[in-house]
Amino acid sequence: SQQGEEDPQALSIQEGENATMNCSYKTSINNLQWYRQNSGRGLVHLILIRSNEREKHSGRLRVTLDTSKKSSSLLITASRAADTASYFCATSGTYKYIFGTGTRLKVLA
Amino acid sequence: EAGVAQSPRYKIIEKRQSVAFWCNPISGHATLYWYQQILGQGPKLLIQFQNNGVVDDSQLPKDRFSAERLKGVDSTLKIQPAKLEDSAVYLCASSMGLEANEQFFGPGTRLTVL
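Sequence order for the protein chains is A and B.
Residues in the first sequence are numbered consecutively from 1, following this note's numbering.
Residues in the second sequence are numbered consecutively from 1001, following this note's numbering.
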């Protein structure tokens, strides 16, 4: 079973725009990670946010976590064509990671 | 630093046949994961090893799937006999340990069962 549900399922934007995708989950977590998957580089870790953190930045990425709402968001600023990929959230309660269903992002040049 | 290695990259078999996948994690990584990713879905954890011990195999269909990591380094995942619904990409990942660590994924093995 998959705990995380990403929203939207698919997103198409113009290069230079910001992209926001959301992840909702069901049970308590220790941390939440975001991964990117494209055909060229496979599945790659982007950022990890712990349950006691509310916001984290890494380059053009900004992640927020609201444990009271059991949700997280990933913001990609100034998107590029190379950001075209599927994005997954993965939650961990103990040592087991559960991946969500993914958001397919397409950035148009 | 070498990444996670997997072989083969592609495999096509008939249903009821058997197949094995191999994974070599990043050197020094104690934790190894096998995931199944069906087209259009997120990866689903099949089994997780810490060194050569199993941490979680609750979603492994044990009547047909088996996995081992005998020396705590590389690992094999076997399906016997395969069913049509086993068609998927099988991903191997590794991390330094159990505690909230980044996972490094291999390129995957794309299995097609006819």
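Beta carbons: idealized from backbone N, C-alpha and C, even for Gly.
Strictly below 9 Å CB to CB, what residues from chain A border residue i?
i, result
"Gln1041 (chain B)", "Gln2, Phe99, Thr101, Gly102"
"Glu1102 (chain B)", "Gln33, His45, Leu48"
"Asp1056 (chain B)", "Thr94, Tyr95, Lys96"
"Phe1105 (chain B)", "Tyr35, Gln37, Gly42, Leu43, Val44, His45"
"Leu1045 (chain B)", "Lys96, Tyr97, Ile98, Phe99"
Check the C-beta distance from residue i over to residue j and give it rounded, since I have them as a contact under 8 Å.
i, j, result
"Gly1072 (chain B)", "Cys1092 (chain B)", "Not really, about 15 Å apart at Cβ, beyond 8 Å."
"Val107 (chain A)", "Ala81 (chain A)", "5 Å"
"Ala85 (chain A)", "Gln37 (chain A)", "6 Å"
"Thr20 (chain A)", "Ser73 (chain A)", "6 Å"
"Arg1009 (chain B)", "Thr1109 (chain B)", "6 Å"
"Lys96 (chain A)", "Leu1045 (chain B)", "6 Å"
List the residues of chain B whose Cβ lies closer than 8 Å to the Cβ of residue i, in chain order.
i, result
"Gly59 (chain A)", "What Gly59 (chain A) touches in chain B: nothing, since even the nearest Cβ is about 16 Å away."
"Gly16 (chain A)", "Within 8 Å Cβ-Cβ: nothing; Gly16 (chain A) doesn't reach chain B, min ~28 Å."
In the DSSP assignment, the beta strand (DSSP E) including residue i goes from what residue to what residue?
i, result
"Ile47 (chain A)", "42-50"
"Leu1111 (chain B)", "1109-1113"
"Ser72 (chain A)", "71-76"
"Glu1099 (chain B)", "Careful: Glu1099 (chain B) lies outside any beta strand (DSSP E) and carries neither H nor E."
"Gln1048 (chain B)", "1044-1050"
"Arg104 (chain A)", "103-108"
"His1029 (chain B)", "Careful: His1029 (chain B) lies outside any beta strand (DSSP E) and carries neither H nor E."
"Gln1006 (chain B)", "1005-1007"
"Leu11 (chain A)", "10-14"
"Tyr87 (chain A)", "85-92"
"Tyr97 (chain A)", "97-99"
"Glu5 (chain A)", "5-7"
"Thr20 (chain A)", "19-24"
Going by the C-beta, is residue i closer than 7 Å to any heavy atom of the ligand SAH?
i, result
"Pro1043 (chain B)", "Ligands are entirely absent from the displayed structure, and the ligand SAH is therefore not among its contents."
Mind checking who residue i pairs with in its DSSP beta bridge?
i, result
"Ser1075 (chain B)", "B:Cys1023"
"Ala62 (chain A)", "Before going further, note that residue 62 (chain A) is Arg rather than Ala in the sequence given. In DSSP, Arg62 (chain A) forms a bridge with A:His57, A:Leu75."
"Ile1013 (chain B)", "B:Val1113"
"Glu1068 (chain B)", "B:Thr1076"
"Tyr1033 (chain B)", "B:Gln1048, B:Ala1093"
"Asp1056 (chain B)", "B:Gln1048"
"Gln33 (chain A)", "A:Leu48, A:Ala90"
"Asn38 (chain A)", "A:Gly42"
"Ala1082 (chain B)", "Note: Ala1082 (chain B) sits in no beta bridge, so no partner."
"Ala1088 (chain B)", "B:Leu1111"
Show which residues of chain A have a CB atom less than 7 Å away from the CB atom of residue i.
i, result
"Pro1061 (chain B)", "The premise fails here: Pro1061 (chain B) is roughly 14 Å from chain A at the closest Cβ pair, so nothing lies under 7 Å."
"Gly1108 (chain B)", "Gly42"
"Gln1036 (chain B)", "Correct list: empty, because the minimum Cβ distance to chain A is about 11 Å."
"Leu1091 (chain B)", "Leu43"
"Leu1098 (chain B)", "Tyr95"
"Leu1111 (chain B)", "Residues of chain A passing the Cβ test: none, with the nearest at roughly 16 Å."
Mind listing the chain A neighbours of residue i? Cutoff is C-beta to C-beta under 8 Å, in chain order.
i, result
"Leu1032 (chain B)", "In chain order: nothing, as chain A lies at least about 12 Å away."
"Gln1048 (chain B)", "Tyr95, Lys96"
Can at least three beta-carbon pairs, one atom from the region 1010-1019 of chain B and one from the region 1071-1090 of chain B, be found at a separation below 8 Å? Taking a cut-off of 8 Å for Cβ pairs, the region 1010-1019 of chain B and the region 1071-1090 of chain B touch, as three or more such pairs fall below it.
Should the region 1029-1037 of chain B be called in touch with the region 1047-1055 of chain B, which here means at least 3 C-beta pairs below 8 Å? Enough Cβ pairs lie closer than 8 Å, so yes.
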